[in-house]
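Colleague: Sharing a structure below in C-alpha cells format, with a few things to ask.
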Amino acid sequence: MNRLSFFGPKTVISTRFRSVFTAAMFSMVSAYTLILTDNVAAGQLVSEEAVMSMTLVFPLITFIIFVSYLIADGLVMMISYAMGRGDRRQVDNLFSLGVLSALGTGILFTAGMYLLRQDILSFWHISPHLMSYASDYYNGLLFYAPLMFLNVFFYTVFVAEGQERVCVIGSVCAFMVNVVLDILLCLHIGVMGVSIATSCGLGASILVQLYFLHGHRSRLHFHWYWNTREVLRGIFFSFYHSLDTLLLAILPVALTHCVLAHFDEAHIIVVTVVVNLLTLIIAIYTGIVDCLQPMICQYHAENNLHSIQKTMTTGIRVTSLVSLLLIAAGMAGAGILPQLFGVKDAQMVAEVAAAVRCFLIFIVFLGCTLMYSNYYIYIERRNYGALLKAILLLGLPWLGMEIGASSSLNGMFLGTSAAFLAAFGLNCWWTRQEGLLFLDTDILSRQYSYDVDCTANAVVALSQQVEQVLAGRGISPRRCNRVALLIEEIGVHASERAAGIPFQMEFSILLGKRPDDDITMIIRDNGAPYDIFQKTEQGKYTFREYFIDSITTSFPRRTYWISGDENRMILVVGSL
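Numbering follows our numbering, in which position 242 of the sequence shown is assigned residue number 242; successive positions increment by one, without gaps.
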C-alpha cells in the first residue's frame with residue numbers, strides 16, 4: 001500500500017478521512033480566524049476595552065453554537081445510522097426535520113435575546129465604560145442565532161453526505177464577507193459592526209449551501225415533514241454529543257471568575273487570549289470529530305468493528321500529530337498573541353505569553369480524550385462519554401485552576417492544562433478491562449477486513465487468501481469459493497473500470513457464530529460512483545457486470561450505496 005505520512009497507510013478509510021479532514025480544517029480554522037479577526041479589528045480600530053467587552057459576551061455566542069449542535073448533531077447521527085442501513089427515505093425525512101427545527105428555534109432565540117437583553121448583560125458587574133461596548137456588541141448579534149443554526153446543520157449534513165466541498169466554498173464566502181465588513185463597519189459604527197459582520201458572513205455561507213441544494217446537485221431532498229418523536233430523539237443524541245460545546249461555554253466563565261477572584265479586572269485580557277487560543281484548538285479538534293462521526297456511526301450500524309478500529313487509529317494519530325504542531329506553534333508565537341489583541345504594556349505581554357505557554361503543555365491529552373469521549377457516544381455508550389466530557393472540560397480543569405491560582409497566574413493555567421492529562425489517565429484506568437474502544441472481542445474475532453490497491457494482481461491474491469481463511473473457519477468449500485469468486489470479479493471489474501487511475505478497495509467479511517450462518521461482505525472503494533446492479537437493470541452492462549449480478553441475485557440481501565467519496569456494496573451470502 002502507498003503511504004500517507006500524516007494519515008498512515010493509503011486506504012479507503014484514510015483517504016475518506018483525509019478528504020473530510022481537509023475540508024473540516026479549512027472550515028473550522030477559517031471560522032476561528034474570523035473570531036480572531038473580530039478581536040483584532042476591535043483591538044486595533046476601537047480599543048483594548050472593546051476586546052475585553054467582547055470576551056464577556058463570548059459565552060453567549062458559545063451557548064448559541066451549543067444549541068446549534070444540539071439541533072444538528074443528533075439528527076445527523078441518525079442520518080448516518082440510516083446511511084449505514086441504506087434507508088434513503090429516512091435520510092430525507094431527517095434532513096427536512098433539521099431545516100424546520102433550525103429555523104423555528106432560531107426565530108424563538110432571537111425573540112428571547114431581544115426580550116432578555118438587560119438581564120443577560122447585567123450578569124457581569126462591570127464598569128459602565130465596558131458595559132457600553134458589551135451592549136453594542138450584543139445588539140449586533142440579535143439575528144446571529146437563526147443563521148448559525150442553519151449554517152451548522154447544513155455543514156454537518158454535507159460532511160456526512162461526503163459533500164464537504166460545499167462547506168469549503170461556503171467558508172470562503174463567509175470569510176471574505178466577514179473580513180471586509182469587519183473593517184468597513186468597525187470604522188463607522190464601532191464594535192457593533194464586528195457582530196453585524198459576523199452575522200452577514202454566516203448569511204453568505206447559507207446562500208452558497210442553498211444554491212447547491214436548489215440546483216439539484218445534492219442527493220438531499222427537502223419536503224414538509226414533522227415528527228416530534230424524532231426531534232426529541234435527535235435532541236437526546238445531540239445533548240450527549242454537544243455537551244463539550246456547553247462545557248466550553250462554561251469554562252471561560254470559570255476562568256474569568258477565577259481571575260477576578262484571585263487577581264484583578266486588568267487580567268481579564270489573559271483569559272481573552274487563552275480562550276481565543278482554546279477556541280482555535282477546539283475548532284481543529286471539532287474538525288477531526290467531524291471526520292469520525294459519519295464514519296463511526298455508519299460502521300457501528302453495520303456492526304463493522306475492524307473499520308471502526310481503523311478509523312479510530314487514524315483519528316488518534318491525526319489528533320496527536322496536530323496537537324504537537326499546535327504546541328510548537330503556540331510556544332513559539334506566545335509573545336506575539338497579546339499584541340494582536342491590543343495589549344501594549346510590556347509586563348502584561350510577558351504575563352500573557354507565560355500563561356499561554358503553561359496552558360499549552362498538556363493540550364495533546366485534551367485532544368485524545370475528547371476524541372474518545374465522542375467515540376463512546378457514537379457507539380451508544382452515551383452516559384460514559386458524557387461523564388468523561390464533564391470531567392475533562394469542567395470538573396478537573398476547575399479544580400486545577402483553583403489550586404494553581406492560589407500560587408500564581410501561571411499556576412492557574414498550568415493547573416488547567418494538567419487536568420487534561422489527569423482526565424486522559426482516568427479514562428485509560430476506567431477502560432482497562434474492556435479496552436479503550438469497547439469492542440466485543442468475540443465478534444471482532446469473527447470479522448476480517450482487507451485493504452488493497454485496486455489492481456488485478458492484488459485482488460486475485462486477496463481472493464485466494466480469503467478462501468483459505470474461510471476454509472479454516474469451517475465454512476463449506478462451495479461458499480468459500482463463491483466469496484472468493486465475488487472478491488475477484490468485483491475487484492477486477494473495478495480495476496478495469498478505473499482505466500489505470502489508482503484507487504483503493506476495502507473488503508470486510510462478517511461471519512456468524514456458526515459456519516452455516518449468513519456471511520456479510522461489505523465492499524468499499526474510493527473510485528468514481530458506479531452501481532453495478534443499476535447498470536444491469538438498465539440493460540447496459542458488460543459481461544462481467546452481468547456475471548456479478550447473476551451470482552448475487554439469489555442472495556438474501558444485496559445493496560449498493562454511494563456515501564461520501566466512496567462506493568459501498570453490501571452482499572449477504574446465505575447458506576447454499
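Beta carbons are placed, not taken as given, at the ideal position from N, Cα and C, and that holds for glycine.
All values derive from a computational prediction rather than experimental measurement.
1) So MET78 packs on PHE222, CB below 8 Å; how close in whole Å?
2) Return helix, strand or coil for ASN526, following the three-state DSSP convention.
3) Label VAL343 either buried or exposed according to how many other C-beta atoms from any shown protein chain fall within 10 Å of its C-beta, with 16 as the threshold for buried.
4) On a CA-only basis, which of TYR299, GLY104 and LEU207 is nearest SER449? Give me that one, please.
5) Since GLY190 and LEU147 are thought to touch, with beta carbons under 8 Å apart, how far apart are those beta carbons, to the nearest angstrom?
6) Rounding to the nearest angstrom, what Cα-Cα distance links GLY8 and ILE361 in this structure?
7) If you drop the 5 nearest sequence neighbours on each side, which residues of the same chain put their C-beta closer than 6 Å to that of GLN90?
8) Could you pull out every residue in the same chain whose Cβ sits closer than 6 Å to the Cβ of ILE475, ignoring the five residues on either side in sequence?
9) Are the Cβ atoms of GLN504 and THR22 separated by less than 8 Å?
10) On the DSSP bridge list, what partners appear for ILE509?
11) Could you give the C-beta distance for VAL271 and THR286, rounded to a whole number, given that I count them as a contact under 8 Å?
12) Note the first and the last residue of the continuous alpha helix (DSSP H) segment covering GLY435.
13) By the DSSP assignment, the alpha helix (DSSP H) with VAL349 in it spans what residues?
14) Under the assumption that GLY415 contacts MET401 (Cβ atoms under 8 Å), give the Cβ distance between them as a whole number of angstroms.
15) Excluding sequence positions up to five away, which residues of its chain have a Cβ less than 6 Å from the Cβ of PHE581?
16) Where does GLN504 sit, in a helix, a strand or coil, going by DSSP?
17) Taking the continuous alpha helix (DSSP H) assigned at TRP429, which residues delimit it?
18) Keeping to the same chain, check which residues put their C-beta closer than 6 Å to that of HIS214; ignore five residues upstream and five downstream.
19) Measuring alpha carbon to alpha carbon, tell me which of ILE403, PHE438, LEU150 and CYS368 ends up nearest LYS389.
20) What residue from MET569, LEU246 and GLY140 has the CA that sits closest to LEU392's CA?
21) Along the chain, where does the alpha helix (DSSP H) that runs through CYS200 open and close?
22) Relative to the C-alpha of LEU210, which residue among VAL179, LEU232 and ILE169 is closest?
23) Where do the N-terminal and C-terminal ends of the alpha helix (DSSP H) with LYS389 fall, by residue?
24) I'd like to confirm the pairing. Which residues does DSSP put opposite THR182 in its beta bridges?
25) Along the chain, where does the alpha helix (DSSP H) that runs through ALA328 open and close?
26) I need the boundaries of the alpha helix (DSSP H) containing CYS454, first residue and last residue.
27) May I ask you to report which of helix, strand or coil DSSP gives ASN227?
28) From the DSSP secondary-structure annotation, give me the bridge partner or partners of VAL573.
29) Using the three-state DSSP reduction, which class does GLY474 fall into: helix, strand or coil?
30) Express the C-alpha separation of ILE120 and LEU292 in angstroms, rounding to a whole number.
31) I'd like to check one pair, VAL273 with LEU352: are the Cβ atoms closer than 8 Å?
32) Hey, out of VAL208, CYS186, VAL177 and MET192, whose CA is closest to GLY201's CA?
33) For SER575, which residues in the same chain have their Cβ closer than 6 Å to its Cβ, ignoring the five residues on either side in sequence?
34) Secondary structure at GLY106, three-state DSSP: helix, strand or coil?
35) So the alpha helix (DSSP H) SER373 belongs to, where does it begin and stop?
36) With a cut-off of 8 Å, do at least 3 Cβ pairs link the region 91 to 102 to the region 239 to 253?
Modeller: Let's see:
1) Not a contact, Cβ separation roughly 16 Å.
2) coil
3) buried
4) TYR299
5) Contact doesn't hold; Cβ gap of about 21 Å is too wide.
6) 26 Å
7) ALA82
8) PRO515
9) no
10) TYR448 and MET521
11) Not a contact, Cβ separation roughly 21 Å.
12) It is not in any alpha helix (DSSP H) - GLY435 carries neither H nor E in the DSSP assignment.
13) 346 to 360
14) 5 Å
15) The shown model of the chain, from 1 to 576, leaves out residue 581, and the question about it has no answer.
16) strand
17) 409 to 430
18) none
19) CYS368
20) LEU246
21) 191 to 214
22) ILE169
23) 382 to 390
24) Looking at the sequence itself, residue 182 is Asp, so the reference to Thr does not match. DSSP output for ASP182 lists no bridge partner at all.
25) 305 to 333
26) Segment: none, CYS454 is in no alpha helix (DSSP H) and carries neither H nor E.
27) coil
28) ILE519
29) coil
30) 36 Å
31) Position check: residue 352 holds Val in this sequence, whereas Leu was assumed. Yes, Cβ-Cβ distance for VAL352 and VAL273 is below 8 Å.
32) VAL177
33) ASP516
34) helix
35) 363 to 378
36) no
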